[in-house]
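One structure is given here, and the rest of the page talks about it.
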Amino acid sequence: MAKLTVLGSINVDHLMQVTYAPKAGETLTANNYQVVAGGKGANQAVAAAKLGADVAMIGCVGSDAIGAQMVAEFAETGMDTAGISAVAGESTGLAMIYVEQSGENRIGIWPGANAALNNEVVDAQRGQIEASELLLMQLETPVESLVYAAEIAKAAGTKVVLNPAPAKALPEALLRNVDIITPNETEAQLLTGIAIDTLEDAERAANQLHQQFGIELVLITLGKRGVWLSQSGQGQRIEGFVVNAIDTTAAGDTFNGGFVTAMLEGKSLVEAVRFGQAAAALSVTRLGAQSSIPTRAEAQALLHG
Ligand code: RIB
-17 MAKLTVLGSI
-7 NVDHLMQVTY
3 APKAGETLTA
13 NNYQVVAGGK
23 GANQAVAAAK
33 LGADVAMIGC
43 VGSDAIGAQM
53 VAEFAETGMD
63 TAGISAVAGE
73 STGLAMIYVE
83 QSGENRIGIW
93 PGANAALNNE
103 VVDAQRGQIE
113 ASELLLMQLE
123 TPVESLVYAA
133 EIAKAAGTKV
143 VLNPAPAKAL
153 PEALLRNVDI
163 ITPNETEAQL
173 LTGIAIDTLE
183 DAERAANQLH
193 QQFGIELVLI
203 TLGKRGVWLS
213 QSGQGQRIEG
223 FVVNAIDTTA
233 AGDTFNGGFV
243 TAMLEGKSLV
253 EAVRFGQAAA
263 ALSVTRLGAQ
273 SSIPTRAEAQ
283 ALLHG
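Have a look at this one:
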């Protein structure tokens, strides 16, 4: 059984490169349009697989051709796709993404089959979760089943890694079973009420997550400023790589996939963060979600100069 289980969303991304995102009442012609594989769960699972992890995914696609095609492509990365269900009568989740010239994006999502990822789907993969070292989850599938999966993991000694994206308020029942959390600034603010403007703010937010929910490891991603890494209250900033960003879509997903891959290889926390940062830095120099994820060799080349 795979050492890493990723539970989460699978989307087909409709991506338009635009000079700027259209304003209210405005119609814009895009400079480029592509349909690529996405979804935070699938992006993280593909990142981990491409970067060298032994990964199984739990997720749902629709009973449509694009869903079947994406699952076949996931399997080509070496991912175990047995935990991905095709939901009858549903369409595969969809994201409409505007990528502006700055590389920033705006995303609207239709959950489709992702909304069907319920406790029953999780239960069918109980053995996989229990046998894993890490369970990695995000917030694009129903929160109740994340709570349930985290309970299964906790009882089995599987560490729970939560990337709390996209930002939403979360029940304590989930946060209490999380071992490692990886919010960005917006998500950290939503969870703690602390606006993250400075490194001191990041430190305060991390300490709150440690103290309030007993989360051992907090990694707050700070964009160009790097990552605030805090282990049981001992914090430090780890600077990232300077690159020319074309499209930031899935940068966080690639970071998470890379970070957990290196953790599973027994790397130190700082090394694991640096590996995730190198992979994410390369991903922003390319267009799209899964289409932008680098190979392990590419990430290592950037890391080791
Ligand atoms: O994190 C990026 C992802 O968010 C995209 O691939 C899109 O599908 C949305 O889920």
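For the sequence shown, the positions run -17 to 287 when my numbering is used.
The beta carbon of each residue, even a glycine, is placed where N, CA and C say it ideally should be.
Everything numeric in this text was worked out from a predicted model, so none of it was measured.
In the assembly as shown, Ser274 is a buried residue. Its beta-carbon has 16 or more other beta-carbons within 10 Å. Exclusion of Asn14 from the 7 Å shell around ligand 1 follows from its C-beta lying no nearer than that to any non-hydrogen atom of the ligand. Only residues of its own chain outside the window of five on either side were considered, and among them Thr230 have a CB closer than 7 Å to the CB of Glu86, listed in chain order.
Classified as exposed, Glu182 has fewer than 16 neighbouring CB atoms from the shown chains inside 10 Å of its CB.
Sorted by chain position, residues whose beta-carbon lies closer than 7 Å to a non-hydrogen atom of ligand 1 are Ser(-9), Asn(-7), Asp(-5), Gly20, Gly21, Lys22, Asn25, Ala77, Ile79, Ile89, Ile91, Glu122, Ala147, Thr231, Ala232, Gly234, Asp235, Ala271.
For Gly240, there is no enclosing beta strand (DSSP E); the enclosing alpha helix (DSSP H) covers residues 233 to 246. Secondary structure within the region 13 to 65: the alpha helix (DSSP H) runs of 4 or more consecutive residues, fully enclosed, are 22 to 32, 47 to 58 (chain order). A residue is called buried once 16 or more other Cβ atoms fall within 10 Å of its Cβ, and Leu204 is buried on that count.
The DSSP-derived three-state label of Ala97 is helix. Between Leu251 and Gly215, the alpha-carbon positions lie close to 14 Å from each other. The three-state secondary structure of Asn(-7), taken from DSSP, is strand.
Within the DSSP secondary-structure output, Ala68 pairs in a beta bridge with Val43. Residue pairing for Gln216: DSSP places it in a beta bridge opposite Gln213. Around the beta carbon of Asp62, 16 or more other beta carbons sit within 10 angstroms, so the residue counts as buried. Taking every protein chain shown into account, the CB of Gly49 has 16 or more other CB atoms within 10 angstroms, so this residue is buried. As the crow flies, the alpha-carbon of Gly222 is around 44 Å from that of Gly71.
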